[in-house]
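Asker:
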Amino acid sequence: MEEHVEMIRRLMLAINRVDGAYYYFSKKMGMKVNTLTLLYALDDGKPHSQKQISQDWLVPKTTLNTNVKELAEAGYVTLCPEAGTREKTIALTKEGMELAEKLMEKLYEAEETAMEKTLRRFSPEFVKAMEYFADDICNEFDRIPPAGGKEKAE
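Using the numbering used here, the first residue of the sequence shown is number 1003, and each one after it goes up by one.
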C-alpha cells in the first residue's frame, strides 16, 4: 500500500487542478461552475433528466435545480415532461445553444489543445486508465460503511 501513496497523491492533485481549471474558466466567463457543467452536459444536443445529470456529473440535485430554473427563466433551457414519469428532461433552446456554442468554443479549443499535447506524449490509453481508476475508486468507496452506520442523506 505504501508504494502507491505518492502516485495516488499526485493523481489526486492533478484531478483537483483539472477541476480547478474548469472552476476558474467558469469564473472568467462570468458564471457559476455548476451552470457551466450543466451547459457542458447539455451541449451534446440530447435532452437529459436532472437526475441523470446530477448522477453523471456529481452536481447536487438542489444546486442543479437552481441552475436549471435560472437558465429556464433566462430562456436558455426548456423542460419537457418524460412519458410515464414525473421526471422532466432538460434541453437547450435556440438561445441556449447559441450561449453554449459561444462559451464552449473557447473551452473546447483549450481542451483540444491540451489533449493534442498530451496524446503526443502519452498513449490514448491514459483516458481508459483514468476511467478504470474512477470506476474502481467509486466501487471501493461504496464498499466502506458510512460513519455511524447511517446512510448519507441526499
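Just so it is clear, CB atoms sit at the ideal spot from N, CA and C, and this is done for glycine as well.
Alpha carbon to alpha carbon, what distance is there between LEU1109 and LYS1130?
Answerer: Here residue 1130 refers to the residue found at position 128 of the sequence shown. Here residue 1109 refers to the residue found at position 107 of the sequence shown. LYS1130 and LEU1109 have their alpha carbons spaced roughly 22 Å apart.
Asker: Under a Cβ-count criterion, where at least 16 other Cβ atoms within 10 Å of its own Cβ denotes burial, should GLY1032 be classed as buried or exposed?
Answerer: As a position in the sequence shown, residue 1032 is number 30, starting the count at 1. It counts as exposed.
Asker: Threshold first: 3 residues or longer. Then list the beta strand (DSSP E) segments lying entirely within the stretch 1016–1089, N to C.
Answerer: Complete beta strand (DSSP E) runs here, min 3: 1079–1083.
Asker: Report yes if the CB atom of THR1091 is closer than 8 Å to the CB atom of PRO1147, and no otherwise.
Answerer: What you label residue 1091 is simply residue 89 of the sequence shown in a count that begins at 1. What you label residue 1147 is simply residue 145 of the sequence shown in a count that begins at 1. No.
Asker: In whole angstroms, give me the CA-to-CA distance for SER1064 and MET1117.
Answerer: For the purposes of this step, residue 1064 is taken as the residue at position 62 of the sequence shown. For the purposes of this step, residue 1117 is taken as the residue at position 115 of the sequence shown. Reading off the sequence, residue 1064 comes out as Thr, not Ser. Distance between the alpha carbons of THR1064 and MET1117 is about 33 Å.
Asker: Three-state secondary structure (DSSP) at THR1091?
Answerer: Locating residue 1091 in the sequence shown gives position 89, counting from the first residue. The answer is strand: DSSP assigns THR1091 an E or B state.
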